[in-house]
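Peer 1: Structure provided below as structure tokens; questions to follow.
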Amino acid sequence: MWFDLETPAAEERAFVTRITGLSLPDKAALTEIEASSRLSASGQVLTMSLPIVTRDTEGVLQASVCGFVLGPDYLVTLRFSPSIVFSQFCAQPHNVSDIASAHIFAGLLEAIVDRQADALERLRDELDHLSHRVFQRRLKTEQRIRNTEAELKAALVLLGRDYDTISFLRDSLLGVARIAPYAIASADWLPATVRQRLKSVQKDISSLNEYSVHLTDKVQFLLDSTLGLINIAQNTLIKVLTIVSIAGIPPTLIAGIYGMNFHVIPELSWTYGYAYAWVVMILSAVLPLLWFRKKGWI
80 MWFDLETPAA EERAFVTRIT GLSLPDKAAL TEIEASSRLS ASGQVLTMSL
130 PIVTRDTEGV LQASVCGFVL GPDYLVTLRF SPSIVFSQFC AQPHNVSDIA
180 SAHIFAGLLE AIVDRQADAL ERLRDELDHL SHRVFQRRLK TEQRIRNTEA
230 ELKAALVLLG RDYDTISFLR DSLLGVARIA PYAIASADWL PATVRQRLKS
280 VQKDISSLNE YSVHLTDKVQ FLLDSTLGLI NIAQNTLIKV LTIVSIAGIP
330 PTLIAGIYGM NFHVIPELSW TYGYAYAWVV MILSAVLPLL WFRKKGWI
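Take any residue in the sequence shown, note its place counting from 1, add 79, and you have its number in our numbering.
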């Protein structure tokens, strides 16, 4: 028999304890990080806990503790936030032979691992799309540079969120990786089929942990690359502004010279003095730009 308690009140805990005879830990005990607090045995009853990934009321991912009190006849799970894993597991059809406490326990661990695998696959697709956005672009104009910088900053936010998600998933997988072998070693009453299922869970976790490390490395690579591209975009914009300001200095100087209020400036009495001044100013602006282009700076 399985009792699934979500944020249980004192009356609910007392009711389940009276029926099952099991001692139920509180939330503080379940959230302890010591292995002795998360994994303990009393006779044939195992008390275990692990973090699971859930969403708060605003849809933001968070890590929430989940406790398992497993005995030969009863399984009690204690949760403190809604979990789609448990909802989907309850909605699935089950054979009569699979509703014993040990089989339900193994099924829940399998459901948690399957859910984490799906989440890692979604993260892989999101990172692939983000990688394409970050690297498949060309900078052509100043406006394009500003737009690209804004997109890269948005990519930083997504990368930070993905990193947190991977961290939550890895913590949850680590919890399952501790629970499965502990149950196999400590509960000699587990059926052989359940033991085999738990060993299969261990193998799945091993491969998922390796894949999560790969995704973590990819997030770090994209993070470093994005920061580098932001610096490049900012430097490119600064270079453009610097070139424009340098090209504008000679015409400004020439205009300032001919704008001085001296009585004797020969060019002021020329017929083509005005056109001459314009030609000189244009050439003084164009020639530095041509030189910059020859050097490959623009």
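For glycine and all other residues, C-beta sits at the position ideal for the given N, C-alpha and C.
Looking at LEU188 and TRP81, is the spacing between their C-beta atoms short of 8 Å?
Peer 2: For the purposes of this step, residue 81 is taken as residue 2 along the sequence shown, with counting starting at 1. For the purposes of this step, residue 188 is taken as residue 109 along the sequence shown, with counting starting at 1. Result no, Cβ atoms of TRP81 and LEU188 do not sit closer than 8 Å.
Peer 1: So, are the CB atoms of LEU84 and GLU91 less than 8 Å apart?
Peer 2: Position 5 of the sequence shown, counting from 1, holds the residue named residue 84. Position 12 of the sequence shown, counting from 1, holds the residue named residue 91. Contact: yes.
Peer 1: In three-state terms, what does DSSP make of THR96?
Peer 2: Residue mapping note: residue 96 aligns to position 17 of the sequence shown, counting from 1. Three-state result, THR96: helix.
Peer 1: In whole angstroms, give me the CA-to-CA distance for THR96 and ASP204.
Peer 2: The residue given as residue 96 occupies position 17 in the sequence shown. The residue given as residue 204 occupies position 125 in the sequence shown. Those two C-alpha atoms are separated by around 45 Å.
Peer 1: Output the distance between the C-alpha atoms of ILE163 and LEU302, rounded to the nearest integer angstrom.
Peer 2: Translated into the one-based positions of the sequence shown, residue 163 becomes position 84. Translated into the one-based positions of the sequence shown, residue 302 becomes position 223. For ILE163 and LEU302, the distance between alpha carbons rounds to 30 Å.
Peer 1: With distances taken from CA atoms, which of ILE245, VAL280, ALA271 and TRP268 is nearest ALA259?
Peer 2: Here the question's residue 259 lines up with position 180 in the sequence shown. If we check each option's Cα against that of ALA259, VAL280 comes out closest.
Peer 1: Excluding five sequence neighbours on each side, which residues of the same chain lie with their C-beta closer than 7 Å to the C-beta of SER363?
Peer 2: In the sequence shown, residue 363 corresponds to position 284, counting from 1. Excluding residues within five positions, the ones whose Cβ falls inside 7 Å are PRO329, PRO330 and ILE333.
Peer 1: In this structure, how does DSSP classify TRP81 when only helix, strand and coil are distinguished?
Peer 2: The count along the sequence shown starts at 1 and reaches residue 81 at position 2. Three-state DSSP puts TRP81 in a strand.
Peer 1: Can you tell me whether PHE341 is helix, strand or coil according to DSSP?
Peer 2: For the purposes of this step, residue 341 is taken as residue 262 along the sequence shown, with counting starting at 1. Looking at PHE341 - three-state DSSP - the assignment turns out to be coil, as it is neither helix nor strand.
Peer 1: In chain order, what residues of the same chain have a beta carbon less than 6 Å from the beta carbon of GLU221, not counting five sequence neighbours either side?
Peer 2: Stepping through the sequence shown from its first residue, residue 221 is reached at position 142. Only weak support is given to the placement of GLU221: the predicted model assigns it a pLDDT of 47, under 50, and the value that follows is read from those uncertain coordinates. Excluding sequence neighbours, GLU221 sits near VAL319.
Peer 1: In the DSSP assignment, find the unbroken beta strand (DSSP E) run with PRO130 in it and report its ends.
Peer 2: Here residue 130 refers to the residue found at position 51 of the sequence shown. Start and end: 124-134.
Peer 1: Between the C-alpha atoms of MET127 and TYR261, what's the straight-line distance to the nearest angstrom?
Peer 2: Reading the sequence shown from its first residue, position 48 is the one you call residue 127. Reading the sequence shown from its first residue, position 182 is the one you call residue 261. Approximately 9 Å, taken between the alpha carbons.
Peer 1: Based on the DSSP output, what are the partners of ALA120 in its beta bridges?
Peer 2: Along the sequence shown, read from residue 1 onward, the residue named residue 120 stands at position 41. LEU125.
Peer 1: For the alpha helix (DSSP H) that VAL365 lies in, which residues bound it at each end?
Peer 2: Looking up residue 365 in the sequence shown gives position 286. VAL365 -> alpha helix (DSSP H) spans 352-374.
Peer 1: Rounding to the nearest angstrom, what Cα-Cα distance links PRO87 and TRP268 in this structure?
Peer 2: Counting from one through the sequence shown, the residue named residue 87 turns up at place 8. Counting from one through the sequence shown, the residue named residue 268 turns up at place 189. Their Cα atoms are separated by approximately 28 Å.
Peer 1: Please return the same chain residues whose Cβ sits closer than 7 Å to the Cβ of VAL255, not counting the five positions on each side in sequence.
Peer 2: Reading the sequence shown from its first residue, position 176 is the one you call residue 255. So the qualifying residues of the chain are LEU129, LEU188, ILE191, VAL192, VAL280 and ILE284.
Peer 1: What do you reckon, are the CB atoms on LEU209 and ALA229 nearer than 8 Å?
Peer 2: As a first step, residue 209 must be located in the sequence shown, where it is residue number 130. As a first step, residue 229 must be located in the sequence shown, where it is residue number 150. In this structure, ALA229 does not lie closer than 8 Å to LEU209 by Cβ.
Peer 1: Report the rounded CA-to-CA distance for LYS219 versus GLU113, giving the unit in angstroms.
Peer 2: Working through the sequence shown from its first residue, we reach residue 219 at position 140. Working through the sequence shown from its first residue, we reach residue 113 at position 34. Note that LYS219 scores 49 on pLDDT, short of 50, meaning its location in the model is unreliable; the coordinates nonetheless yield the value given after this. Those two C-alpha atoms are separated by around 56 Å.
Peer 1: Looking only at DSSP bridge pairs, what is SER102 linked to?
Peer 2: Along the sequence shown, one-based indexing puts residue 102 at 23. In the DSSP output, where bridge partners are listed per residue, SER102 has none listed.
Peer 1: Would you mind stating whether LEU149 and VAL132 have Cβ atoms separated by less than 8 Å?
Peer 2: Reading the sequence shown from its first residue, position 70 is the one you call residue 149. Reading the sequence shown from its first residue, position 53 is the one you call residue 132. Against a cut-off of 8 Å, the Cβ pair of VAL132 and LEU149 comes out as no contact.
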